[in-house]
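2 protein chains.
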Amino acid sequence: MRCEIISVGTELLMGQITNTNARDIARELLSLGIGVYYQTVVGDNGPRLAAVFGQALKRAEFIILTGGLGPTDDDLTRETIAGVLELPLEKSSIWEEKLKEFFSRSKRPMAEINMKQAMIPRGGTILLNDRGTAPGIMLEQQGKIIILLPGPPREMLPMLKTQVIPLLREKLLEKGSLAVLRSKVLRVIGLGESAMAEMIRPLLEEQTNPTIAPLAKGWEVHLRLTARGNSEEEVEELLASKAGEIRKVLGYYIYGEDEEELELAVARLLWQSGKTIALAESCSGGLLCHRLTNIPDSSRYMLAGLVTYSNEAKANILGIDPALIARVGAVSPEVAEAMASGVRRLCRADIGVGITGIAGPGGATPQKPVGLTYIALQTDDFNICRRYEFWGSRLDVKERASQSALYMLYRYLIEKLKKM
Amino acid sequence: MRCEIISVGTELLMGQITNTNARDIARELLSLGIGVYYQTVVGDNGPRLAAVFGQALKRAEFIILTGGLGPTDDDLTRETIAGVLELPLEKSSIWEEKLKEFFSRSKRPMAEINMKQAMIPRGGTILLNDRGTAPGIMLEQQGKIIILLPGPPREMLPMLKTQVIPLLREKLLEKGSLAVLRSKVLRVIGLGESAMAEMIRPLLEEQTNPTIAPLAKGWEVHLRLTARGNSEEEVEELLASKAGEIRKVLGYYIYGEDEEELELAVARLLWQSGKTIALAESCSGGLLCHRLTNIPDSSRYMLAGLVTYSNEAKANILGIDPALIARVGAVSPEVAEAMASGVRRLCRADIGVGITGIAGPGGATPQKPVGLTYIALQTDDFNICRRYEFWGSRLDVKERASQSALYMLYRYLIEKLKKM
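Here it is in structure tokens:
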């Protein structure tokens, strides 16, 4: 089934908002094996929308439109599509009731213009919208499926996932043409894209189904496996088996799957090992603590994260000798180690982490460039301190510092668990 | 000048990446008064790209394409566009040199396929690319301007801004049809969208040039003013004058313009007042400290941010009486105040902030729901503690807590500066 996506809205055309809808729709359709052939953005303009829709009718079997279903005069999608298909608009009593209920619940008077949203092209099916006043509409005309959805993503996305996709799945099953397509992402840390590709080269070269696509993403590399088959089970089996082969080669370099962030991998290892942690941050400004406390239930491992920004705070709170700071400077391996051991002692934590560096853009010296960072990790039987030179903006340096500290924790905990 | 944007790439069509290029190009063109009439996404497919480009030639005077300029076989844009325009490809000796230099600098051997990237349709002008091996190309054919740019945003964007936009500006000046369009965003805090609209209703009703568009954004409201005129000076004057009228009504509710975040507004007030600050966070997990240290030179006000996550940390580090925590609970106004005063004393800061709450999803009780948060601010002559009930995900609660604390600081510092 050839699909085409039409996004309606002058704010999209002018670049005032990003077209995340087209991306999200394409992704969901891909999971049903439906290929999108074109995406078009057109403004709130009747004749131009009519022309774009007319063209789509010629080249696609399935057309999905978003936007232009609001109550005001510049919302033209409903009327334009009905016009091209030569269908009269008829009032839906179901949606008329919904509208009245919606406005009485929100204790607002309903403007007369809102009733426009209860008008549906003849033969159309209403798709319910729990989060707004515009219903979606499905039409089957000339052997084609046409779906209209509201533009705001928070209304559109749930409608897509809970109504449109199940409907399409049914249609495809009826036609006997349901191909199942699924992706799984393996998230890799500690290896660059080319080093990783080298390690799994035979797998990359022989790929067919699933396909394997490496992608550098932020400070990591992601491997996207995509499998196609006739059933969920078959596809899941293909993905699991290929993921297993890759895991055999890459081992602990794969820290998680799909949406799992590195902080979740570290959190799981902390839970498994029963260890507690305390952080002393300087240049990373609390970002490491923020990430480690984004995980629900992080209070089971996180005792405290102290952002000792000033030298006085490093001395008074962590007990670091001011003479040491004066001698070697706050950005030094000695101070990173003293931060890690200081916070560990203060909080009686199993693991202490210290981060000190120059986030920039100011603060550099000829010996200590922007981005220079030391990260130390200490426990009762292990300690390490590493030197990094990160580049980029202030936020880049903060992000890379937190990412490197998480990776250090990840490696330490994996080794520790092996011995436990 | 009617413009059309064509984005080439199967990864866009399949929703694997978001089409930020079309958005960014539309925005930049708008600043020259060039209206985009259509945006189209098409895959790495010669015949379909040729059809889309042929259609664009019929309906636009200016066409900008991104993507498909890479060295591999699925990169078809250069060849396809040359084909439709019936122009032969010719080797650019300038770019051949660039390619050789690029590969020798990065100490990698140049593959033969890379030479494809030095092939330019006859009559085309090269647009330099400092960050990759694909040059941009500008063609003037049949009275139309056609521009090809590489797909990766980090290559495309600088080329757009430093080469394409200045070139277009010149063309428009030659034709005498340069309209200048500029936007300015006023960022509003502490008012909801409808309350703000009510306050500036006369201005909203009489708007012509500049136009005024309110937009709820995150936990704030943004007002976008857009002015059109014949010169930069005229447009800047229109924007400044309208912004002045709005500022007269909204006063300190406007905390910044354009890309300025609330943390920058607070940083400026801290610098102005010469005050130092120390934070004690719990549920916000260091996010407030992260935001306040994202500002370059934040070390001039930030002494320390202590994320005292466990009750023991609150007691041992901040000196809060464990009996108090046991009696009223860690999430209480008493503990928020003790955190603010404790960290202030410990760091000898002018201002102490304490945040304690339940970020969720666990940890709630019938009396203390997820989202319940207390924020306290203390100085030597002022203290306040406010109760909030935030809703949403764990990250939502963290974000709203940090945002509310910044707003509290913002209001306090404005009042303080009035009296100084």
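As given, the protein sequences belong to chains V and B, one line each in that order.
The opening residue of the first sequence carries number 0 in numbering that gives the first Met the number 0; numbering runs sequentially from there.
The opening residue of the second sequence carries number 0 in numbering that gives the first Met the number 0; numbering runs sequentially from there.
C-beta: ideal position from N, C-alpha, C; glycine also.
Straight-line gap, residue i to residue j (C-alpha atoms, nearest Å)
i: B:Ile4; j: B:Leu56; result: 11 Å
i: V:Ile357; j: V:Leu222; result: 32 Å
i: V:Leu31; j: V:Ser230; result: 10 Å
i: B:Leu376; j: B:Ile62; result: 55 Å
i: B:Ala49; j: B:Glu232; result: 42 Å
i: B:Arg104; j: B:Met155; result: 21 Å
i: B:Ala325; j: V:Arg385; result: 41 Å
i: V:Leu127; j: V:Asp23; result: 19 Å
i: B:Gln140; j: V:Leu138; result: 42 Å
i: B:Glu27; j: B:Pro165; result: 11 Å
Among the options, nearest to residue i - alpha-carbon criterion
i: B:Lys397; options: B:Thr372, B:Arg58, B:Leu180; result: B:Thr372
i: B:Glu423; options: B:Tyr409, B:Thr275, B:Gly175; result: With chain B running from 0 to 419 in the structure shown, residue 423 of chain B is simply not present.
i: V:Ile253; options: V:Cys288, V:Gly362, V:Val184, V:Pro295; result: V:Val184
i: B:Met118; options: B:Phe102, B:Arg104, B:Glu95, B:Glu173; result: B:Glu95
i: B:Val342; options: B:Ala314, B:Gly361, B:Val327; result: B:Ala314
i: B:Glu60; options: B:Ala178, B:Ile144, B:Glu111; result: B:Ile144
i: V:Leu268; options: V:Gly66, V:Lys247, V:Glu414; result: V:Glu414
i: B:Asp257; options: B:Lys247, B:Ala242, B:Lys99; result: B:Ala242
i: B:Met114; options: B:Arg77, B:Leu147, B:Pro46; result: B:Arg77
i: B:Met407; options: B:Val51, B:Ile354, B:Thr65; result: B:Ile354
i: V:Asn310; options: V:Val327, V:Leu416, V:Met198; result: V:Val327
i: V:Tyr387; options: V:Arg393, V:Pro365, V:Pro332; result: V:Pro332
i: V:Ala194; options: V:Asp320, V:Leu214, V:Gln206; result: V:Leu214
i: B:Asp43; options: B:Gly53, B:Arg107, B:Glu27, B:Asp73; result: B:Asp73
i: V:Glu244; options: V:Pro368, V:Glu205, V:Leu159, V:Asp395; result: V:Glu205
i: V:Pro46; options: V:Val83, V:Val35, V:Tyr300; result: V:Val83
Cβ-Cβ distance between residue i and residue j below 8 Å
i: V:Leu323; j: V:Val306; result: no
i: V:Ala329; j: V:Ser298; result: no
i: V:Arg153; j: V:Gly255; result: no
i: B:Val163; j: B:Glu192; result: no
i: V:Gly14; j: V:Gly67; result: no
i: B:Ser91; j: B:Val40; result: no
i: B:Leu302; j: B:Ala264; result: no
i: V:Arg399; j: V:Trp218; result: yes
i: B:Ala25; j: V:Leu64; result: no
i: V:Ala339; j: V:Ala279; result: yes
First through last residue of the beta strand (DSSP E) which encompasses residue i
i: B:Met301; result: 301-307
i: B:Cys2; result: 1-7
i: B:Thr76; result: Here B:Thr76 belongs to no beta strand (DSSP E); instead the alpha helix (DSSP H) covers 76-84.
i: B:Ala212; result: 210-216
i: V:Ser340; result: No beta strand (DSSP E) holds V:Ser340; the alpha helix (DSSP H) holding it covers 332-346.
i: B:Ser182; result: 179-187
i: V:Met118; result: 118-120
i: B:Val35; result: 34-41
i: V:Leu172; result: V:Leu172 -> not in any beta strand (DSSP E); alpha helix (DSSP H) instead, spanning 164-174.
i: B:Leu148; result: 143-148
8 Å Cβ shell around residue i - same chain, five flanking residues per side excluded
i: V:Pro157; result: Asp129, Arg130
i: B:Gly122; result: Leu86, Leu138, Glu139, Gln140
i: V:Thr19; result: Pro152
Contact set for residue i: own chain, Cβ-Cβ below 7 Å, skip 5 residues either direction
i: V:Ala226; result: Arg181, Asn208, Pro209, Val234, Leu237, Leu238
i: B:Ile93; result: Ile125
i: V:Gly69; result: Ala133
i: B:Pro285; result: Here residue 285 of chain B turns out to be Gly, not Pro, going by the sequence shown. Result list for B:Gly285: Gly304, Val306, in chain order.
i: V:Ser401; result: Ser283, Leu286, Leu287, Arg290
Chain-order list of residues whose beta-carbon lies under 6 Å from that of residue i (same chain, five-residue window excluded)
i: V:Gly428; result: Any question about residue 428 of chain V goes unanswered here, given that chain V covers just 0 to 419.
i: B:Ala266; result: Ile294
i: V:Ala81; result: Leu88, Pro120
i: B:Lys274; result: Asp349, Ile350
i: B:Ile33; result: Met0, Cys2
i: V:Ile16; result: Glu10
Boundaries (first-last residue) of the alpha helix (DSSP H) holding residue i
i: B:Ser403; result: 393-418
i: V:Cys384; result: Not the alpha helix (DSSP H): V:Cys384 falls in the beta strand (DSSP E), residues 382-388.
i: V:Glu219; result: That residue, V:Glu219, is in no alpha helix (DSSP H); its beta strand (DSSP E) goes 219-228.
i: B:Ala277; result: Here B:Ala277 belongs to no alpha helix (DSSP H); instead the beta strand (DSSP E) covers 276-280.
i: V:Lys367; result: Looking at the DSSP string, V:Lys367 is not in any alpha helix (DSSP H), and its letter there is neither H nor E.
i: V:Gln140; result: No alpha helix (DSSP H) contains V:Gln140, which is instead part of the beta strand (DSSP E) from 135-140.
i: V:Lys160; result: Here V:Lys160 belongs to no alpha helix (DSSP H), and DSSP marks it neither H nor E.
i: V:Gly361; result: Premise fails: V:Gly361 is in no alpha helix (DSSP H) and is neither H nor E.
i: B:Glu236; result: 231-249
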